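Number of protein chains: 2
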Amino acid sequence: MFSKACEYGIKAAIFIATQSYEGKRVSPKEIAQEIDSPQAFTAKILQALVKNDVVSSVKGAYGGFEIDRNQIASIKLSQIVNAIDGDTIYNGCGLGLHACDEAHPCPVHDKFKAIRTDLKHMLENTSLEELALNIKSGESFLKI
Amino acid sequence: MFSKACEYGIKAAIFIATQSYEGKRVSPKEIAQEIDSPQAFTAKILQALVKNDVVSSVKGAYGGFEIDRNQIASIKLSQIVNAIDGDTIYNGCGLGLHACDEAHPCPVHDKFKAIRTDLKHMLENTSLEELALNIKSGESFLKI
DNA sequence: TATAAATAGGATAAATTTGTCCGAAATAAA
DNA sequence: TTTATTTCGGACAAATTTATCCTATTTATA
Ligand code: FES
Ligand code: FES
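If you're matching them up, the sequences are chains A and B in order.
No gaps in the numbering here: position 15 of the first sequence is 22 in this note's numbering, and each next residue is one more.
No gaps in the numbering here: position 52 of the second sequence is 59 in this note's numbering, and each next residue is one more.
Structural data, given as structure tokens:
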């Protein structure tokens, strides 16, 4: 469904959010341990999230990655997916036609569109806040 | 969503079905032209579909690929996807945890499961017949 | 039986994704 | 100002997916 990079990015953002609630910045090393991902690759993905204003970074000693506590609730899963995997999952044809076009649909267009729209709504309506709180409460997990 | 191989496989199966209704066997060359895919790669994918009893092949002169006319209605999209991409799309964790486990869910488990279940039902309830008839009637297209 | 036509399948190559490494730039504190 | 720490970013490497090529095998017909 999503690329590995995107999976890591989502989990990283959730972990950073949980720590940001406690005023803590985190390093790629901590993140990689917490979400069970390759550290250097995770660092690369974090750069993309920084560029897309999902997380912010502070260079130098005592630096690290963090998310403004006031923004955690307004950041949606869709922003993260879009920053890393782009918008093909929303707009692309399920059978790989050059474009998903109502006027020239592939055989599964109608059925696919329904699923894709649900997915889009889900991603657009799921905030980092609820995911992070789920982790903090122990209801869900980021690894194993 | 699906791999390129799976996209080609679905389109190939649909095209073979349309021709099988008319008693015609088709070659990888014809198929690749009709679905706009690389010929040799498509031939490889056809082998997988043959092994998984989605299509049947006849070797030698006057041979080619075909689907038993009486089976077209009972072949579901899910069989094709399963034959090529396996079952991770149905059973795997959306965030790449080792397994999707109700007792140890990832943060998006509940929301993901709903989408995935819909997708599964869609694939299991969509037959090659309806897709092929859509193509024959000119309502949908396999390329461009 | 010989021949031509067609799929099967292995080896290989190209492209993309995933992953690693290291030096440059920035920053806080001593 | 110096030093230690940390992200940034480019180059590189490994793994996977996508794609190609060639030979073997099978089969209908002449
Ligand atoms: S044309 Fe294929 S999903 Fe719309
Ligand atoms: S545990 Fe992640 S989708 Fe079920």
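Just so you know, even glycine gets a beta-carbon here, dropped at the ideal spot from N, CA and C.
As the structure is a computational prediction, the values presented were derived from the model and not from experiment.
| message | Just to confirm the assignment, what range does the beta strand (DSSP E) spanning Glu73/A have? | response | Here the question's residue 73/A lines up with position 66 in the first sequence. Counting along the chain, the beta strand (DSSP E) containing Glu73/A begins and ends at Gly71 to Glu73.
| Residue interval of the alpha helix (DSSP H) (run including Val88/B) | Stepping through the second sequence from its first residue, residue 88/B is reached at position 81. First-last of the alpha helix (DSSP H) with Val88/B: Leu84 to Asp92.
| query | What residues of chain A sit near Cys107/B, judged by a beta carbon separation below 7 Å? | reply | By one-based count along the second sequence, residue 107/B stands at place 100. What Cys107/B touches in chain A: nothing, since even the nearest Cβ is about 12 Å away.
| query | Under 8 Å between C-beta atoms, does Thr124/A make it to chain B? | reply | As a working note, residue 124/A is residue 117 in the first sequence. So no, Thr124/A is outside the interface.
| chain A within 8 Å of Glu29/B, Cβ atoms only | Along the second sequence, one-based indexing puts residue 29/B at 22. No - not a single Cβ of chain A is within 8 Å of the one on Glu29/B.
| task | Starting from Ser27/B, follow the alpha helix (DSSP H) in both directions and report where the run begins and ends. | result | In the second sequence, residue 27/B corresponds to position 20, counting from 1. Run containing Ser27/B: Lys11 to Ser27, per the alpha helix (DSSP H) assignment.
| Closer than 7 Å at the beta carbon, the chain A residues around Glu14/B | Along the second sequence, one-based indexing puts residue 14/B at 7. The contacting residues are Leu102 and Gly103.
| Per-residue contacts from Lys83/A into chain B (C-beta, under 7 Å) | Along the first sequence, read from residue 1 onward, the residue named residue 83/A stands at position 76. By Cβ distance, chain B contributes nothing, its closest Cβ being about 12 Å from Lys83/A, past 7 Å.
| Can you tell which of Met8/A, Ile74/A, Ala90/A and Arg32/A has its C-alpha closest to the C-alpha of Leu56/A? | Your numbering for residue 56/A matches position 49 in the first sequence. Considering only alpha carbons, the answer is Ala90/A.
| said: Measuring only the C-alpha atoms, how far is Gly99/A from Ala68/A? | reply: Residue 99/A sits at position 92 when you count from the first residue of the first sequence. Residue 68/A sits at position 61 when you count from the first residue of the first sequence. Those two C-alpha atoms are separated by around 43 Å.
| Test item: CB-CB of Met129/A and Lys118/B under 8 Å | Here residue 129/A is taken as the residue at index 122 of the first sequence, counted from 1. Here residue 118/B is taken as the residue at index 111 of the second sequence, counted from 1. It is a contact, given that the beta carbons lie within the stated cut-off.
| Bridge partner(s) assigned by DSSP for Ser147/B | As a first step, residue 147/B must be located in the second sequence, where it is residue number 140. None, per the DSSP bridge assignment.
| With distances taken from CA atoms, which of Gln54/A, Ile96/A, Cys13/A and Phe72/A is nearest Met8/B? | As a working mapping, residue 8/B is identified with position 1 in the second sequence. Answer by Cα proximity: Ile96/A.
| query | Does the beta carbon of Phe119/B fall short of 7 Å from some heavy atom of ligand 2? | reply | In the second sequence, counting from the first residue as 1, residue 119/B sits at position 112. Within the cutoff, so yes.
| By Cβ distance below 6 Å, which residues in the same chain neighbour Lys7/A in space, the five residues on each side in sequence not counted? | Chain A is shown from 8 up to 151; residue 7/A falls before or after that span and cannot be answered.
| task | Kindly say whether Pro114/A, judged by its beta-carbon, lies nearer than 8 Å to any beta-carbon of chain B. | result | In the first sequence, counting from the first residue as 1, residue 114/A sits at position 107. Judged by the 8 Å Cβ criterion, Pro114/A is in contact with chain B.
| said: Using a 10 Å radius around the Cβ and a threshold of 16 neighbouring Cβ atoms, would you call Arg76/A buried or exposed? | reply: The residue labelled residue 76/A in the question sits at position 69 within the first sequence. Per the 10 Å Cβ criterion, exposed.
| Any heavy atom of ligand 2 within a distance shorter than 7 Å of the CB on Gly1/A? | Nothing about residue 1/A can be read from this structure; chain A reaches only from 8 to 151.
| request: Quick one: residues in its chain with C-beta nearer than 8 Å to the C-beta of Ser34/B, no 5 flanking neighbours on either side, listed in chain order? | output: Taking the second sequence and counting its residues from 1, one reaches residue 34/B at position 27. The answer, listed in chain order, is Gly71 and Phe72.
| query | Out of curiosity, what's the CA-to-CA distance linking His116/A and Gly103/B? | reply | In the first sequence, the residue the question calls residue 116/A occupies position 109. In the second sequence, the residue the question calls residue 103/B occupies position 96. Going from the Cα of His116/A to the Cα of Gly103/B covers about 27 Å.
| Does any heavy atom of ligand 2 sit closer than 7 Å to the C-beta of Asp108/B? | Working through the second sequence from its first residue, we reach residue 108/B at position 101. Yes - ligand 2 has a heavy atom lying nearer than 7 Å to the Cβ of Asp108/B.
| Through-space distance from Ser85/B to Glu14/A, alpha-carbon basis | Working through the first sequence from its first residue, we reach residue 14/A at position 7. Working through the second sequence from its first residue, we reach residue 85/B at position 78. Cα to Cα, the separation comes out at about 24 Å.
| said: Just checking Cys113/A against ligand 1 - is the residue's beta carbon closer than 7 Å to any of the ligand's heavy atoms? | reply: Position 106 of the first sequence, counting from 1, holds the residue named residue 113/A. Yes; taking the cut-off as 7 Å, the Cβ of Cys113/A has a heavy atom of ligand 1 nearer than that.
| field | Any C-beta of chain A under 8 Å from that of Asn141/B | value | On the second sequence, position 134 is the one that residue 141/B refers to. Taking Cβ atoms only, chain A reaches closer than 8 Å to Asn141/B, which makes this a yes.
| request: Report the option in Phe48/B, Tyr28/B, Gln40/B and Ile23/B whose CA atom is closest to the CA atom of Lys11/B. | output: Locating residue 11/B in the second sequence gives position 4, where the first residue counts as 1. Minimum Cα distance to Lys11/B is reached at Phe48/B.
| Lys51/A versus chain B: which residues are under 8 Å apart at the beta carbon? | Position 44 of the first sequence, counted from the first residue, corresponds to residue 51/A. Within chain B, no residue comes near Lys51/A; the closest Cβ sits about 17 Å away, beyond 8 Å.
| message | Mapping the DSSP letters down to three states, classify Val57/B as helix, strand or coil. | response | To locate residue 57/B, count along the second sequence from 1; it is residue 50. In the structure shown, Val57/B sits in a helix (DSSP, three-state: H, G or I).
| said: Starting from Ile42/A, trace the alpha helix (DSSP H) in both directions and tell me its first and last residue. | reply: Taking the first sequence and counting its residues from 1, the one referred to as residue 42/A is at position 35. It spans Pro35 to Ile42 - the alpha helix (DSSP H) in which Ile42/A sits, taken as one unbroken run.
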